[in-house]
Amino acid sequence: MIPFIDLQTQRRRIEGDVQGAIAAVLEHGQFILGPEVEELERNLSAFCRTKHTLGCANGTDAIVLALMALGIGEGDAVFAPSFTFVATVEAVKLVRATPVFVDVCKDTFNLCPDSLEAAITHIKGQSSLRPKAIIPVDLFGQPADYRKIEAIARQHGLAVIADAAQSFGARLDDKPVGAWGDIATTSFFPAKPLGCYGDGGAIFTNNDELLSLIRSYRNHGQGKDRYDNIRVGLNSRLDTLQAAVLLQKMKIFPDEIAARDTVAQNYTRNLPERVVPQATLAGATSVWAQYTVVVDARDRLRAALGEAGIPTAVYYPKPNHLQAPYVDAPRAPGGLPVTEYLQERVFSLPMHPYLDDDTQARILSVLAKAMN
Ligand SMILES: *Cc1c(COP(=O)(O)O)cnc(C)c1O
Numbered sequence: 005m006i007p008f009i010d011l012q013t014q015r016r017r018i019e020g021d022v023q024g025a026i027a028a029v030l031e032h033g034q035f036i037l038g039p040e041v042e043e044l045e046r047n048l049s050a051f052c053r054t055k056h057t058l059g060c061a062n063g064t065d066a067i068v069l070a071l072m073a074l075g076i077g078e079g080d081a082v083f084a085p086s087f088t089f090v091a092t093v094e095a096v097k098l099v100r101a102t103p104v105f106v107d108v109c110k111d112t113f114n115l116c117p118d119s120l121e122a123a124i125t126h127i128k129g130q131s132s133l134r135p136k137a138i139i140p141v142d143l144f145g146q147p148a149d150y151r152k153i154e155a156i157a158r159q160h161g162l163a164v165i166a167d168a169a170q171s172f173g174a175r176l177d178d179k180p181v182g183a184w185g186d187i188a189t190t191s192f193f194p195a196k197p198l199g200c201y202g203d204g205g206a207i208f209t210n211n212d213e214l215l216s217l218i219r220s221y222r223n224h225g226q227g228k229d230r231y232d233n234i235r236v237g238l239n240s241r242l243d244t245l246q247a248a249v250l251l252q253k254m255k256i257f258p259d260e261i262a263a264r265d266t267v268a269q270n271y272t273r274n275l276p277e278r279v280v281p282q283a284t285l286a287g288a289t290s291v292w293a294q295y296t297v298v299v300d301a302r303d304r305l306r307a308a309l310g311e312a313g314i315p316t317a318v319y320y321p322k323p324n325h326l327q328a329p330y331v332d333a334p335r336a337p338g339g340l341p342v343t344e345y346l347q348e349r350v351f352s353l354p355m356h357p358y359l360d361d362d363t364q365a366r367i368l369s370v371l372a373k374a375m376n
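Start counting the sequence shown at 5; every next residue gets the next number (my numbering).
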């Protein structure tokens with residue numbers, strides 16, 4: 005069986021550097037908010053051309069912290085796709101706000117600007133909820149249509165929190181993910197394009213005021229010092245050990261992004277007919293957290309690939325608006341027909357920077373045979 009995501013080849017490539025970095029942390033012993041955390045935050049800011057970066061415990065907390073810093077809570081409406089990992093909307097519920105589900109585009113799988121506008125108008129016109137923010141998700145590694153979404157947000161006075169958990173390293177109009185939105189968040193979960201060896205996350209913003217709020221909220225609502233607590237916050241810091249690992253992984257990250265793109269372009273050029281890949285928005289690059297296609301006979305295709313030792317996955321088999329805690333959340337007028345269409349037809353092929361040419365060729369040939 006070939007691996008769906010190969011983390012071992014990368015581990016061997018940087019093993020010596022990672023072990024040295026971990027040993028250095030064990031030696032200085034500053035396990036919480038040690039010097040590697042600040043160094044990583046500076047590197048990440050430079051990498052995505054954003055003024056400020058703060059590490060935090062994971063990508064879910066990153067969204068929660070962003071919502072807290074924006075003062076979002078009970079009675080507030082937050083617009084988000086249903087076609088995403090549950091954490092996007094879970095964060096909204098955790099701060100007692102109401103997620104409003106918006107449909108996605110059939111080609112890019114990302115937030116649909118028309119459905120978004122309809123949802124905002126609907127909530128403004130008929131409900132007691134106050135529209136406050138939009139959380140676009142960069143599904144499978146590709147930036148959402150921030151040009152249009154930011155324009156809609158400005159027009160309606162809404163904040164944009166970019167859920168870039170899957171897309172860190174991607175760009176839109178040459179502007180890196182991290183710099184789009186009022187706040188952007190990401191995850192360093194091991195399987196994400198830039199993953200650590202455990203849980204980790206980060207928050208990006210150009211806004212000084214939001215920075216100081218997030219810094220306080222991630223550390224028990226800290227005021228002027230550790231024992232001055234001026235707001236109710238979280239314990240959500242990025243471990244120094246994880247920051248040390250990420251500093252080493254960042255050195256090879258640009259190279260890995262290029263390698264992922266080479267695999268994706270090869271897949272796209274050689275897919276059989278009627279296997280439709282996620283489209284990339286004009287002006288956007290993807291870091292291909294997943295390489296995902298749309299087909300009609302998904303189960304049959306996946307079975308054929310599985311028999312040939314080729315693993316596949318379905319992200320996400322059940323959209324959030326059909327999950328028990330979220331079934332009552334408002335939806336865009338007209339519902340979520342594209343989300344429901346995609347949810348029954350998408351699946352993802354093996355994708356990682358170390359997928360060699362022969363394996364790609366084998367995957368494509370099994371796929372072509374199964375389509376006949
Ligand atoms: C992974 C992911 C998250 C959550 O990140 P964690 O670090 O696992 O908490 C949030 N949103 C999306 C879209 C994700 O893929």
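Every residue, glycine too, gets a C-beta built ideally from N, C-alpha and C.
>> In chain order, what are the residue ranges of uninterrupted beta strand (DSSP E) at least 3 long that sit wholly in the stretch 107 to 186?
In response: Counting whole runs of 3 or more residues, the stretch 107 to 186 contains the beta strand (DSSP E) stretches 134 to 138, 163 to 167.
> Should valine 331 go down as buried or exposed, given a rule of 16 or more other Cβ atoms within 10 Å for buried?
Replying inline: Walking along the sequence shown from the start, residue 331 turns up at place 327. Answer is exposed; the Cβ neighbour count stays below 16.
> How would you call glutamate 31, buried or exposed, if buried means at least 16 neighbouring beta carbons within 10 angstroms?
Replying inline: On the sequence shown, position 27 is the one that residue 31 refers to. So glutamate 31 ends up on the exposed side.
>> Measuring only from the beta carbon, is alanine 352 closer than 6 Å to any heavy atom that is part of ligand 1?
In response: Here residue 352 is taken as the residue at index 348 of the sequence shown, counted from 1. Checking the displayed sequence, the identity of residue 352 turns out to be serine instead of alanine. Serine 352 Cβ: outside cutoff for every heavy atom of ligand 1.
> Ordered along the chain, which non-local residues of its own chain (more than five positions away) have a Cβ less than 6 Å from that of alanine 148?
Replying inline: Within the sequence shown, the letter at position 144 stands for residue 148. Asn114, Leu115, Pro140, Asp142, listed in sequence order.
> Ends of the beta strand (DSSP E) at tyrosine 295?
Replying inline: For this step, residue 295 is matched to residue 291 along the sequence shown. Element bounds for tyrosine 295: 295 to 298.
> For aspartate 80, which residues does DSSP report across the bridge?
Replying inline: In the sequence shown, counting from the first residue as 1, residue 80 sits at position 76. Answer is Arg134.
> Closer than 6 Å from C-beta to any heavy atom of ligand 1: which residues, in chain order?
Replying inline: Asn62, Gly63, Thr64, Thr88, Phe89, Ala91, Thr92, Val141, Asp167, Ala169, Gln170, Ser191, Phe193, Asp203, Gly205
>> Under 8 Å, with one C-beta from each stretch per pair, do the stretch 174 to 184 and the stretch 150 to 161 reach the 3-pair mark?
In response: Result yes; three or more Cβ-Cβ pairs closer than 8 Å.
> Of all the options Glu40, Ala50, Glu311, which has the alpha carbon lying nearest to the alpha carbon of asparagine 210?
Replying inline: Here residue 210 corresponds to residue number 206 of the sequence shown, with the count starting at 1. Checking every option, the nearest Cα to that of asparagine 210 belongs to Ala50.
> Taking the DSSP output, what are the residues bridged to isoleucine 207?
Replying inline: Translated into positions along the sequence shown, residue 207 becomes position 203. For isoleucine 207, which the question treats as bridged, DSSP gives the partners Leu58, Thr189.
> Taking the C-alpha atoms as reference points, what is the distance between leucine 71 and valine 297?
Replying inline: In the sequence shown, the residue the question calls residue 71 occupies position 67. In the sequence shown, the residue the question calls residue 297 occupies position 293. Leucine 71 and valine 297: Cα-Cα distance of roughly 32 Å.
> Which word fits glutamine 146, buried or exposed, when buried means at least 16 other C-beta atoms lie within 10 angstroms of its C-beta?
Replying inline: In the sequence shown, residue 146 corresponds to position 142, counting from 1. Looking at its Cβ environment, which holds 16 or more other Cβ atoms inside 10 Å, glutamine 146 is buried.
> How far does the beta strand (DSSP E) with phenylalanine 51 in it reach, from first residue to last?
Replying inline: Taking the sequence shown and counting its residues from 1, the one referred to as residue 51 is at position 47. Counting along the chain, no beta strand (DSSP E) covers phenylalanine 51; the unbroken alpha helix (DSSP H) around it starts and ends at 39 to 51.
> When the Cα atoms are used, what is the spatial distance from histidine 160 to leucine 285?
Replying inline: Position 156 of the sequence shown, counting from 1, holds the residue named residue 160. Position 281 of the sequence shown, counting from 1, holds the residue named residue 285. Using only the alpha carbons, I get a separation of about 24 Å.
> Three-state secondary structure (DSSP) at arginine 335?
Replying inline: Your numbering for residue 335 matches position 331 in the sequence shown. If DSSP states are grouped into helix, strand and coil, arginine 335 belongs with the strands.
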